[in-house]
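FYI, in full-length UniProt numbering the residues of the sequence shown are 1 to 163. Below: one structure, written as C-alpha cells.
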Amino acid sequence: VNPGDVQGFVIGAHGDKMVPLPRYCCVNGIPLSDFTKKGAITEKEINQIVEKTRNTGFELLELLPEGSVCFAPSLAIVEIIEAYLKDLKRVLVCSVLLNGHYGHKGVFAGIPVVIGGKGIEKIIELDLNTQEKELFDDSLKHISYLFDNYKHETVVDDENKPN
C-alpha cells in the first residue's frame, strides 16, 4: 500500500511516548481493521509499524545531517497555517492546552483538532479504549515530568554564559 494513501492519528507527546492509534487508521477511507480481517496485514505487523513510528525520529536524528529533521515539522506548520488562512476546517493533530479534555488539565498534548479561520475551532475527543487511554495518560505524565523538571532552567547562549 502506498504510504500516501494511509491516514491515521498519533497523539500525546512527541518521541517514544507518542501514542499511534491503529484503530483510527484507514487506507483511502477503508479501516485498517478490514485489512486485518482479510489477512492483508497482521496484528504483529501493525505493532511493528507502531514501534517504528515511535522510533523513526531517533533514527533520523542519527542518520541525517544536522537540521534535516526540521522538514516534517515544517510541513506540519505549513498545513496548519494554510488551514487557518484559507479557513479549511482541517482535522489535524496539534499540541493544545488540555482543559478537562481526555480527563487532563493544564498540560499540552498533541490531539486532533479542527483548524479553520478562527484557529483551533474544535477539539476532537476520540473515544480511547483502555489500552490507548493508559498509553495516553503515560504520555502526558512524561510531558508533565519534563515540564516540571525543566521549567526553571534558563537557556543561556555561549556569549552570555556565566564563567
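Using N, Cα and C, we set each Cβ at its ideal position, and we do this for glycine too. None of these values were measured; they are calculated from a predicted model.
Close-in-space but distant-in-sequence residues of the same chain around residue i (CB under 6 Å, 5 per side omitted)
i           : result
residue 27  : 1, 5 and 6
residue 95  : 108 and 110
residue 104 : 98 and 140
residue 100 : none
residue 41  : 35
residue 156 : Summary for residue 156: the model assigns pLDDT 49, below 50, so the residue's position carries little reliability; its value from the coordinates is reported in the next sentence. Closer than 6 Å at the Cβ level, and outside the excluded window around residue 156, lies no residue.
Neighbourhood of residue i by C-beta, 7 Å cutoff - its chain only, sequence neighbours within 5 removed
i           : result
residue 24  : 8, 9 and 126
residue 3   : none
residue 163 : With a pLDDT of 38 at residue 163, under the threshold of 50, the modelled position of that residue is not reliable, and the figure given next carries that caveat. Contacts found: none.
Any non-hydrogen atom of the ligand SAM within 7 Å of residue i CB
i          : result
residue 20 : Within the structure as shown, the ligand SAM is missing, as the structure has no ligands at all.
Sheet register partners of residue i (DSSP bridge)
i           : result
residue 108 : 97
residue 30  : 27
residue 90  : 115
residue 122 : 114
residue 7   : 26
residue 12  : 18 and 110
C-beta atoms of residue i and residue j nearer than 8 Å
i           : j           : result
residue 12  : residue 144 : no
residue 102 : residue 136 : yes
residue 17  : residue 142 : yes
residue 112 : residue 124 : yes
residue 46  : residue 31  : no
residue 19  : residue 132 : yes
Chain-order list of residues whose beta-carbon lies under 8 Å from that of residue i (same chain, five-residue window excluded)
i           : result
residue 83  : 89, 90, 92, 115 and 116
residue 48  : none
residue 122 : 113 and 114
residue 150 : none
residue 55  : 16
residue 160 : Here the model assigns residue 160 a pLDDT of 46, short of 50, so the residue's position is not dependable, and the following value carries that caveat. The answer is none, since no qualifying residue turns up.
Assess contact between the segment 116-128 and the segment 84-102, defined as three or more Cβ pairs (one per stretch) separated by less than 8 Å. Is contact present? yes
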